Ligand SMILES: Nc1ncnc2c1ncn2[C@@H]1O[C@H](COP(=O)(O)OP(=O)(O)OP(=O)(O)O)[C@@H](O)[C@H]1O
């Protein structure tokens, strides 16, 4: 009934949990005192019809009620503390873990699942720490305390009440196995629905263009209906088990009261004792009954926790600490496969000296971006070295400092152009920013507003601002991975001109348009992941049939394009 792993995951919550249990216990003692005074005053009024000492007793009653209110308040505060520390710790650990994973390690989880776990999943764990765990200990402590008190009132009733209490946890354990399976399924459907929703939202324009939105809508309705059904099954299971617990709790309390009344009728118990027993009998069961209701919330939290732990327990690569002493990039007989038995790169060798420029060419799917990802450390393989140090062993901060990548869609954030450029260097002066903009061939004011993802700019403007940002960063190695594939010819020229002007940088340029690679020192040609030549443009035309056929096909296409224009 207790998840040790979860408890150990948030040791910070333990002091709050201990305080919560203590305050609940003190609150219960105050409640018992109040019941005791009530029973005493009532029996006095009934039997003696006298008001002697009533004022004093009422003062004790008021003090006991105040104590109950005060300690309950403190228990609630401790509960809030436990919940806050649990949420903070779990979210921190989750984010730290995700940040420590390499790109290929983290791509095993999709975005919406992670968002759901960090949000809703962690919220559900909050109830586990704030309500379930303290209640678990309190529900053990309370009946034992009441048992000791009841022993002074009536021994058979005390034993009867104590023996009925464990029936509640027994019923909880009985549903636990079934509930666990059901809740795992519930979480599975919840994340699937979240995934579909996010994917459909992101691809809504495409769905509309291809008039596929209606079909997707129906599919999502189907998934939502399945989720509704499983939610109903969870609720039915919870309501049924709560009904069983109610039966045990109130049935047990009634039994205790009955035994007390019978003892009173046979004159073996005073009226005060009977009244006191009647008042406290339900208190025996209420903590266990509350534990039962929290149990269902806790089970939900545990289903989310199972998923959280699969992430937290992922053995991630220890980040490298190496600092290369040169920018010599080398790969010897490099191979890579995303899935076992499906090689994407085989036998690739290259050597890029500092300040050199290299083009990577090949048909779509030939492994160009994969090679770039290996060079920049996004995939954990030690086949590429920089300055003799395998890339995964290099300090990630060093890699980020020295390598900059510009892909086909440089992301722009909401704000101004200045805000976006200053991401690369928060200290950069306006003069430096303007120079980079000029170099990238863009003529817009630094304070020009940028909407989310640059939606108020043209594709060409967006990409040129992204290049300007890369220039502000001024890293010695610049990787362009299809940086011009989504822009107009004018922007493509401006970007390529700017790149050609970067004489002091190591340039790795991946482009489908081979004219963009023509001026690089060397071009590595990939054919289905295998090297098919590495030389200058002119030599490759003669020596590499794969390159020559790519070039000729492109020339043919461009000629056709010009003629038909
Ligand atoms: N994350 C991934 N998981 C599994 N396979 C992948 C992954 N990324 C790429 N691939 C596969 O690896 C192969 C090479 O992909 P890569 O993106 O490196 O090719 P590319 O030459 O850059 O293609 P393009 O020119 O179209 O961008 C493809 O068959 C692709 O399906």
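In the UniProt record's numbering, the protein residues as written are 1 to 565. Using N, Cα and C, we set each Cβ at its ideal position, and we do this for glycine too. Bear in mind the structure is a predicted one, so any value in this text is a computation, not a measurement.
Could you tell me the boundaries of the beta strand (DSSP E) in which residue 132 lies?
-> The residue given as residue 132 occupies position 132 in the chain shown. It is not in any beta strand (DSSP E) - residue 132 carries neither H nor E in the DSSP assignment.
Does the Cβ-Cβ distance between residue 507 and residue 523 come in under 7 Å?
-> The count along the chain shown starts at 1 and reaches residue 507 at position 507. The count along the chain shown starts at 1 and reaches residue 523 at position 523. Going by C-beta atoms, residue 507 is not nearer than 7 Å to residue 523.
Please name the residue, chosen from 363, 555, 500, that lies closest to residue 632 on a Cα-to-Cα basis.
-> Residue 632 lies beyond the stretch modelled for the chain, which goes from 1 to 565, so this question has no answer here.
Could you tell me which of 254, 447, 397, 388 sits nearest to residue 414, measuring between CA atoms?
-> Counting from one through the chain shown, the residue named residue 414 turns up at place 414. Cα-wise, what sits closest to residue 414 is 447.
Since residue 510 sits in a beta bridge, which residues does DSSP pair it with?
-> Translated into positions along the chain shown, residue 510 becomes position 510. Paired residue(s): 360, 481.
Could you tell me whether the Cβ atoms of residue 116 and residue 194 are closer together than 7 Å?
-> In the chain shown, residue 116 corresponds to position 116, counting from 1. In the chain shown, residue 194 corresponds to position 194, counting from 1. Yes, the Cβ-Cβ distance between residue 116 and residue 194 is below 7 Å.
Regarding residue 578 and ligand 1, is the C-beta to nearest heavy atom distance less than 6 Å?
-> Nothing about residue 578 can be reported from this structure: the residues present for the chain run from 1 to 565 only.
Could you say if the region 247–257 and the region 204–220 meet the contact criterion of at least three C-beta pairs nearer than 8 Å?
-> no
Residue range of the alpha helix (DSSP H) that residue 531 falls in?
-> Reading the chain shown from its first residue, position 531 is the one you call residue 531. Segment 530–535 is the beta strand (DSSP E) holding residue 531; no alpha helix (DSSP H) there.
Pull up the distance between the alpha-carbon of residue 450 and that of residue 235, whole angstroms please.
-> Taking the chain shown and counting its residues from 1, one reaches residue 450 at position 450. Taking the chain shown and counting its residues from 1, one reaches residue 235 at position 235. Approximately 47 Å, taken between the alpha carbons.
Using 6 Å as the cut-off, classify the Cβ of residue 485 as near or not near the heavy atoms of ligand 1, replying yes or no.
-> Locating residue 485 in the chain shown gives position 485, counting from the first residue. Residue 485: no, Cβ never under 6 Å from ligand 1.
In the DSSP assignment, find the beta strand (DSSP E) that holds residue 394 and state where it starts and stops.
-> In the chain shown, residue 394 corresponds to position 394, counting from 1. Looking at the DSSP string, residue 394 is not in any beta strand (DSSP E), and its letter there is neither H nor E.
Got a sec, what are the start and stop residues for the beta strand (DSSP E) residue 109 sits in?
-> Position 109 of the chain shown holds residue 109. First-last for residue 109: undefined, no H or E at that position.
Shortest alpha-carbon distance to residue 482 belongs to which of 400, 536, 425, 373?
-> In the chain shown, the residue the question calls residue 482 occupies position 482. Looking at the Cα atoms, 373 is the closest of the given residues.
Output the boundary residues of the alpha helix (DSSP H) element that contains residue 491.
-> Walking along the chain shown from the start, residue 491 turns up at place 491. Element bounds for residue 491: 489–500.
Does DSSP put residue 450 in a helix, a strand or coil?
-> Taking the chain shown and counting its residues from 1, one reaches residue 450 at position 450. Strand at residue 450.
Measuring from the CB of residue 536, is there a heavy atom of ligand 1 at a distance below 6 Å?
-> Translated into the one-based positions of the chain shown, residue 536 becomes position 536. No, since every heavy atom of ligand 1 falls outside the 6 Å radius drawn around the Cβ of residue 536.
Close Cβ partners of residue 79 (< 7 Å) along its chain, the five nearest in sequence each way excluded | Numbered from its first residue, the chain shown carries residue 79 at position 79. For residue 79, where only same-chain residues beyond five positions count, the Cβ hits under 7 Å are 20, 130, 131, 134.
Buried or exposed: residue 23, going by 16 or more other Cβ atoms within 10 Å of its Cβ?
-> Translated into the one-based positions of the chain shown, residue 23 becomes position 23. Buried, since its Cβ has 16 or more Cβ neighbours within 10 Å.
Neighbourhood of residue 142 by C-beta, 6 Å cutoff - its chain only, sequence neighbours within 5 removed | Reading the chain shown from its first residue, position 142 is the one you call residue 142. Around residue 142: 28, 287.
Give a single yes or no on whether residue 380 has its beta carbon closer than 6 Å to a heavy atom of ligand 1.
-> Taking the first residue of the chain shown as position 1, residue 380 is located at position 380. Flag unset: Cβ of residue 380 not near ligand 1.
Check whether the Cβ of residue 450 sits closer than 6 Å to any heavy atom of ligand 1, and report yes or no.
-> For this step, residue 450 is matched to residue 450 along the chain shown. Checking the Cβ of residue 450 against ligand 1 gives no.
Is the closest heavy atom of ligand 3 to the C-beta of residue 367 under 6 Å?
-> Summarising the ligand content, the structure contains ligand 1 and does not contain ligand 3.
Cβ-Cβ distance between residue 127 and residue 13 below 7 Å | Position 127 of the chain shown, counted from the first residue, corresponds to residue 127. Position 13 of the chain shown, counted from the first residue, corresponds to residue 13. The answer is no: Cβ separation not under 7 Å.
Along the chain, which unbroken stretches of the beta strand (DSSP E) at least 3 residues long are found entirely within the region 38–83?
-> none
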